[in-house]
Amino acid sequence: MMAYFDKLDANDKAIICAAVRAHSREFKHAHQGMLPFLPVRVVAACVEFARQCQPGLHSRVYSSLLSKLESHKWCLRQAFNGTKPVTILRKLDDGLVVKRLGLHPERGVPIPGLAAVIKRPRDRKMFEKAADAYDDQHPMMTLKRLDEGFWQITCPERYRHYVETWCCDYLTK
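Start counting the sequence shown at 22; every next residue gets the next number (this note's numbering).
Now the structure itself:
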């Protein structure tokens, strides 16, 4: 829960504590001081259960809390599209890597040439159709420079062949 703690304000923390106290057996006496040390899966399950138990009452508040709690976890889980990451070592041209992927490819870049294959549902905005209430998520790859011209490429296993051929085509001389 430490990773999400700075995203939450005092009202969010109070609502989370109330939901955990009401719907958890292990943490019946949870308070705001314990909040950073609670498991995220327990907190998310309690908030989801509270949202389902009271569908009309505070459902928007619970939904916004779930989006705050699950956005970071979901991005980490879905950045590799549910598959395990694969590491590839290649000799690439440093200048072409910077030119094509930017100064910091170690932070992650969308795999070039692939369309957004993950559509993440989100809460609808005012006057928005339900069919339009989703965000696109692109499959990501990271490149870490190991030595002069040697790069460690990390990508989802299902895109390994595509990433290898793209890097050989566009990032080598």
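Note that beta-carbon positions come from the ideal geometry of N, C-alpha and C, so glycine has one too.
Shortest Cα-Cα distance from K105 to any of Y180, R72, A65, P131 involves Y180.
The C-alpha of Y191 lies about 25 Å from the C-alpha of D157. The beta-bridge partner set that DSSP reports for V130 consists of M162. Counting other Cβ atoms within 10 Å of its Cβ, C67 reaches 16 or more and is therefore classed as buried.
Distance from the Cα of V118 is smallest, within the candidate group F26, T193, D30, for T193.
Here F148 carries a coil assignment [DSSP, helix/strand/coil]. Contact between A151 and R143 is ruled out by a C-beta separation of about 11 Å, above the 8 Å threshold. Distances from the CA of S88 to each of A35, R145, W172 were compared; the closest alpha carbon is that of R145. Cβ-Cβ distances below 7 Å link E185 to I109 in the same chain, with the five nearest sequence neighbours on each side left out; the list follows chain order.
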